[in-house]
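Taking this note's numbering, the leading residue of the sequence shown gets 214, the next gets one more, and so forth.
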Amino acid sequence: METFVVDHPLVAHKLTTLRDVRTDSPTFRRLADELVTLLAYEATRDVRVSPVTVDTPLMPAEGVRLSRPAPLVVPILRAGLGMLDGMMRLLPTAEVGFLGMIRNEETLEASTYATRLPEDLSGRQCYVLDPMLATGGTLAAAIQFLFDRGAVDVTALCLLAAPEGLAYLDETFKDSGHPIRVVTAGLDERLNDVGYILPGLGDAGDRLYGVV
Ligand code: URA
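Here it is, written out as C-alpha cells:
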C-alpha cells in the first residue's frame, strides 16, 4: 500500500481551519470541498488516459483523454458525501457509486446499510472518499466490497489519517495483489480510546451536516 501525505501550504492552511473548533458548518463544508480538489489533483496522478490527436486552429496536436471505462468515485455515506463535489470538479466524467457504511461506536465494527454500485467493476479505477481514516475498519470494508465486485485499482482520499488505520489497511490487503493508495491532507498522531483521531477535527459527519 502506498500512502501519500500532500505537503502544500494551501492544504495545511485549509486543514488548520477545518480542525479549528470555532469553524462553523458552512465554512467547514466549503473548506473540505476545496481541500478535496487539491487532494484529487494528487490522487489522480495515475488516472488512465489514452492518446488522441486534436486539431488546434493551426495544426494537429498530440494529447490525451481519460480512458474508458470512466473512473468510479465512491463516497462513503454520510461524511464522504462532503467530499464528492470537490472530487467531481476535477473528474466530471467519472461515474459515482454510493456505499452507506456506519461504524458501531462501541465495537468500532463497520456495517453496510446501503449500496448503489455497478455489479461489475472489472477494469475500473475506483476513488473512495472517506474523510477520516481512523481504525481503518470502514475503509477496509469498503475496499473489500469493491474488490469483491472486480475492482483492481483503488485510491482512497481522506482528509486525515491515523497511523493505526494505515497499518490496519496495510495488514488487511498486503496479500491482495492489488494496488491501494491512500492520499491524505494529514497524518495525525494516534486514536483516542473511542476511535477518534487525535488531534483530528472531531466528527467529520457532524461538522459537515450537524448532529443527527
Ligand atoms: N470519524 C470521525 O468523524 N472522526 C474521527 O476522528 C474518527 C472517525
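Every residue gets a Cβ at the ideal spot worked out from N, C-alpha and C, and that includes glycine.
Quick caveat: nothing in here was measured; it's all calculated off a predicted structure.
- Taking a 10 Å sphere around the C-beta of ASP268, we find fewer than 16 other C-beta atoms and assign the residue as exposed.
- Under the DSSP assignment, ARG242 falls in the alpha helix (DSSP H) whose first and last residues are 238-256.
- Under the three-state reduction of DSSP output, GLY313 falls in the strand class.
- In this structure, the C-beta of ILE356 stays at least 7 Å away from each heavy atom of ligand 1.
- Ranked by how close their Cα comes to the Cα of LEU342, the residues PRO376, GLY276, PRO392 and ALA417 have ALA417 in first place.
- Taking 8 Å as the cut-off, the Cβ atoms of THR250 and LEU303 count as close.
- Here VAL425 is exposed. Its C-beta has fewer than 16 other C-beta atoms within 10 Å.
- Measuring C-alpha to C-alpha distances from ALA355 to each of THR325, ALA380, LEU400 and ASP366 identifies THR325 as the nearest.
- Taking all protein chains shown into account, MET272 has fewer than 16 neighbouring C-beta atoms within 10 Å of its C-beta and is therefore exposed.
- One residue after another in chain order, those with a Cβ under 5 Å from a heavy atom of ligand 1 are MET345, ALA347, TYR409, ILE410, GLY413, ASP416 and ALA417.
- DSSP places THR368 inside the beta strand (DSSP E), whose first and last residues are 366-374.
- Rounded to whole angstroms, ARG278 and MET301 show a C-alpha spacing of 16 Å.
- Distance from SER238 to SER263 at the Cβ level is roughly 41 Å; contact not present, criterion being Cβ atoms closer than 8 Å.
- Boundaries of the alpha helix (DSSP H) around ARG232: 222-232.
- In this structure, the CA atom of GLU247 is about 18 Å from the CA atom of GLY413.
- Between the stretch 313-329 and the stretch 345-352 there are three or more C-beta pairs closer than 8 Å, enough to call the two in contact.
- ALA347 carries a coil assignment under DSSP once its states are collapsed to helix, strand and coil.
- Going by beta carbons, LEU334 and ALA364 fall inside the 8 Å limit.
- Judged by DSSP secondary structure, TYR422 falls outside any beta strand (DSSP E) and instead within the alpha helix (DSSP H) spanning 417-422.
- As DSSP reads the structure, GLY399 sits in a beta bridge with LEU373.
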